Amino acid sequence: SIVSALIILRELHRQLSQSNNSSTKLTSLPPRSRGVESLIGNTPLIEIKSLSKLTGCKIYAKLELANPAGSAKDRVALAIIRANEKLGHLRPHSGDVIFEGTSGSTGISFAVLANALGYDAHICLPDDTSPEKLQLLKSLGATIHPVKPASIVDPQQYTNAARCGSQQINEDPNDRRRAIFADQFENDFNWRIHYETTGPEIWRQMEQDVDVFINGSGTGGTIAGVSKYLHEQNREIKIILADPQGSGLANRVNYGVMYDTVEKEGTRRRHQVDTLVEGIGLNRLTWNFKQAEAHITEAIRVSDNQALRMAKFLCINDGLFWGSSAAINCVAAVKTALKNGPGQKIVVIACDSGARHLSKFWKSAAEVPNDITLDEVLQ
Ligand code: PMP
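Taken in order, the sequence shown gives residues -5 to -1, 1 to 374; the numbers are from mature numbering (1 follows the signal peptide of the UniProt record, and there is no 0).
Written as structure tokens, this is what we have:
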């Protein structure tokens, strides 16, 4: 019987060591794939253990940073390219040209996919874009057109610069290339790809059990597509917009006014979104955000300081090194958890990695002490 006890112990040890080492589980291996484009989507969903434990809710993040070019924008870039190929506006491996106006992630996705599918990426972006994003675009071989950040009606503004660039090529009789302006802010294929892929993936990964979905809005494509899909499954799901300081979208959602600043004399004005957070927050309405409006339950404002502290908190407590928009979403998730009470299942998007934000957001976040508590994060 000592022998049988030993055998049982050995079997227990074998099972334990197998369950501890998930990389040995063949079932968790993704299938073989061909081409970088085939790796887009089907991203993991991870529970943020520290936040779940401290709030009594279950808080999960959809890891969009696991896409091959590092963000949720891979889905959008591929959808826009494929749609334009179907329309005959782009011919694969032809050197046709994709123009986009973007402060980062989308440009990086287009640059990678242009290389993979045989196009040229031309990226127009504000000249205060973080150096690591610029360096990345240059390394990827994209042509960069820096534009002064300015009002949206100014033709120098970066989306207009991208539109003009594509028109010039298409109108030049001596230029045989075709060019498109991807126009992620106004393009229907943006929210639709999140409706077709990101939303259903979340629903399946959560086993049809979601109470709250939280995301910020850059173009609004992600929150629009995911919330439309989730509401078709269950209209009770709360959709929360997490909005950075300086953005007008939270006021639009909560009070019906777009303007962020009320000046002394009572006249309202629009202004540049002034935040360390990149990729979300706007002071104008986009087609993609309009698709989300009917679904959004509430907007939660998050300050830069809260976002910086949350980013450091997740890094130190969970090993999650994320970008600024993911941190904003997590602050809104904790506020929601504390307001709604324990037991809720909350899903946020982690759009990109901290490595994209080293020189701006993480330069300040790195200064937050390692022993920051969740209470201090929210102050
Ligand atoms: N986070 C980051 C880092 C982004 O670059 C973006 C897109 N600009 C978003 C969030 C927001 O995504 P969407 O454009 O779908 O609203």
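Virtual Cβ for every residue (Gly too), placed ideally from N, Cα, C.
As the structure is a computational prediction, the values presented were derived from the model and not from experiment.
For S100, the shortest separation between its Cβ and any heavy atom of ligand 1 lies below 6 Å. Around the beta carbon of G83, a 10 Å sphere encloses fewer than 16 other beta carbons of the protein chains shown; the residue is thus reported as exposed. When distances are taken from the beta-carbon of S320 to the heavy atoms of ligand 1, the shortest one is below 6 Å.
The Cβ atoms of D115 and P141 do not sit closer than 7 Å to each other. Around the C-beta of A(-1), fewer than 16 other C-beta atoms lie within 10 Å, and the residue is accordingly described as exposed. Secondary structure note for V326: its alpha helix (DSSP H) is the uninterrupted segment S319 to N335.
Judged by pairs of C-beta atoms under 8 Å, the region 207 to 214 touches the region 232 to 245, as three or more such pairs exist. For S125, the CB contacts under 6 Å within the same chain, skipping 5 residues up- and downstream, are S354 and K355 in chain order. Using a cutoff of 6 Å, the CB of C119 does not count as near ligand 1, since none of the ligand's heavy atoms is closer than that. By the Cβ-count criterion, N229 is exposed, with fewer than 16 other Cβ atoms from all chains shown falling within 10 Å of its own Cβ. Counting only the Cα atoms, D269 lies some 23 Å from E288. Distances from the CB of T331 to the heavy atoms of ligand 1 are all 6 Å or more. Of the heavy atoms belonging to ligand 1, none sits nearer than 6 Å to the Cβ of T154. No Cβ-Cβ contact shorter than 7 Å links I54 with L60. Judged by DSSP in its simplified three-state form, D366 adopts coil rather than helix or strand.
In the DSSP secondary-structure assignment, F284 is not bridged to any residue. Note: L277 is not bridge-paired with any residue in the DSSP secondary-structure output. Among the bridge pairs identified by DSSP, T193 is matched with none. Nearest Cα to I175 within the set W198, V207 and I76: I76. C-alpha of K340 to C-alpha of G318: approximately 22 Å in a straight line. For C325, the shortest C-beta to heavy atom distance toward ligand 1 is 6 Å or greater. Annotation for D238 indicates a beta carbon at 6 Å or more from all heavy atoms of ligand 1.
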